[in-house]
Amino acid sequence: MDEIIQKLDKYLSILRPEYYRELNEPLDDSQLDKLEEYYKIEIPKDLRILYKWKNGQKPNCYEAFVNNSMFIPLHQALYDASELTTMIGFDFEIENWWNENWIPIFQNGGGDSTCYDLQGIFTENRGQLIEFWHADNDRNVIAPALETFFEKIIGFYETIQREEFDEYFKIGGIDNYPKKFIVE
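Just so it is clear: in the sequence shown, position 105 is 105 by full-length UniProt numbering, and no numbers are missing.
Here it is, written out as structure tokens:
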């Protein structure tokens, strides 16, 4: 994962320098430990590596990181996850409309997220990325791991020139993904 983050850093700084400057400073181990303690959660190694690289993007930056979604600072992602979790059984009566094991690391600003799945809901594959749509009942698993997802982002950056880049781009083409699930 470290090598992938280094490549991502290189491509973002070259192809999207304005956006790159809008990324927050990284978290250190002490900050990550405090978030773990406060939210009573163990942050997986790959997610720690990501947030030790950059802690999301600045709040006044609305440019997409990937899939028309912004990269959320970890404190905000954990806060949002805890707030959504309190809605289970009340606003969210359908099983897995929201799951307490999801951390929304990318958000589109409209209530939809790409979440890091701590438990592997639906597939038993911990660390997969799953789409949460606030108004729709599909819960697609879009990547088996954060590392795989970032490899695809890097592959995209390797094939595009800076002048061709468009802020909206969707990462897909991961073998056997998305895996589609409907909650009812």
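Note that the Cβ used here is the ideal one computed from N, Cα and C, for glycine as well.
Measuring alpha carbon to alpha carbon, tell me which residue in Y39, I182, F90, G109 is nearest F71.
Residue 71 sits at position 71 when you count from the first residue of the sequence shown. The shortest Cα separation from F71 among Y39, I182, F90, G109 belongs to G109.
Put Q161 into one of helix, strand or coil per three-state DSSP.
The residue given as residue 161 occupies position 161 in the sequence shown. Correct three-state label for Q161: coil.
Could you tell me which residues DSSP pairs with E37 in its beta bridges?
As a first step, residue 37 is located in the sequence shown; it is residue number 37 there, counting from the start. Residue pairing of E37 in beta bridges, as defined by DSSP: absent, with no partner found.
Determine the DSSP secondary structure at P44, reduced to helix, strand or coil.
Residue 44 sits at position 44 when you count from the first residue of the sequence shown. Residue state, collapsed to three classes: coil.
Evaluate residue 234 with the Cβ neighbour count: other Cβ atoms within 10 Å of its Cβ, from every protein chain shown; 16 or more gives buried, anything less gives exposed.
Missing from the structure shown is residue 234; the chain here goes from 1 to 184 and no further.
What ranges does the alpha helix (DSSP H) occupy inside the UniProt domain "Knr4/Smi1-like" (26-152), keeping only unbroken runs of at least 4 residues that lie completely in it?
29-39, 45-53, 74-86
Close-in-space but distant-in-sequence residues of the same chain around N125 (CB under 7 Å, 5 per side omitted)
Your numbering for residue 125 matches position 125 in the sequence shown. P144, listed in sequence order.
Closest by CA to K170, which one among N67, L50, Y51?
Walking along the sequence shown from the start, residue 170 turns up at place 170. For K170, the nearest C-alpha among the options comes from N67.
Taking Cβ positions, are E147 and I4 nearer each other than 8 Å?
Within the sequence shown, numbered from 1, the residue matching residue 147 stands at position 147. Within the sequence shown, numbered from 1, the residue matching residue 4 stands at position 4. Going by C-beta atoms, E147 is nearer than 8 Å to I4.
With 16 other CB atoms within 10 Å as the buried threshold, where does F106 fall?
What you label residue 106 is simply residue 106 of the sequence shown in a count that begins at 1. Counting Cβ neighbours within 10 Å, F106 comes out buried, since at least 16 surround it.
Is W102 closer than 8 Å to I142 when the C-beta atoms are compared?
In the sequence shown, the residue the question calls residue 142 occupies position 142. In the sequence shown, the residue the question calls residue 102 occupies position 102. For I142 and W102, no; Cβs fall outside 8 Å.
Where I94 and R48 are concerned, what is the direct C-alpha to C-alpha distance, given to the nearest angstrom?
Along the sequence shown, read from residue 1 onward, the residue named residue 94 stands at position 94. Along the sequence shown, read from residue 1 onward, the residue named residue 48 stands at position 48. The alpha-carbon atoms of I94 and R48 are separated by roughly 31 Å.
My assumption, with CB atoms under 8 Å, is that T123 sits in contact with E100. Please give the rounded CB distance.
As a working mapping, residue 123 is identified with position 123 in the sequence shown. As a working mapping, residue 100 is identified with position 100 in the sequence shown. About 17 Å; that fails the 8 Å criterion.
To which residues of the same chain is A81 closer than 7 Å at the C-beta, ignoring the five residues directly before and after it?
Taking the sequence shown and counting its residues from 1, one reaches residue 81 at position 81. Beyond the five residues adjoining it in sequence on each side, A81 comes within less than 7 Å, by CB distance, of W102, I103, P104 in the same chain, given in chain order.
Can you pull the DSSP bridge partners for K179?
In the sequence shown, counting from the first residue as 1, residue 179 sits at position 179. The partner list for K179 (beta bridge, DSSP) reads V141.
Could you check the C-alpha separation between A77 and E37 for me, to the nearest Å?
Sequence index remark: in the sequence shown, residue 77 carries index 77 (1-based). Sequence index remark: in the sequence shown, residue 37 carries index 37 (1-based). Their Cα atoms are separated by approximately 15 Å.
Thinking C-beta only, is N140 closer than 8 Å to F165?
As a first step, residue 165 must be located in the sequence shown, where it is residue number 165. As a first step, residue 140 must be located in the sequence shown, where it is residue number 140. Contact flag unset, no.
Taking its Cβ as the centre, do 16 or more other Cβ atoms sit within 10 Å of P17, making it buried, or is it exposed?
Looking up residue 17 in the sequence shown gives position 17. Exposed is the call here.
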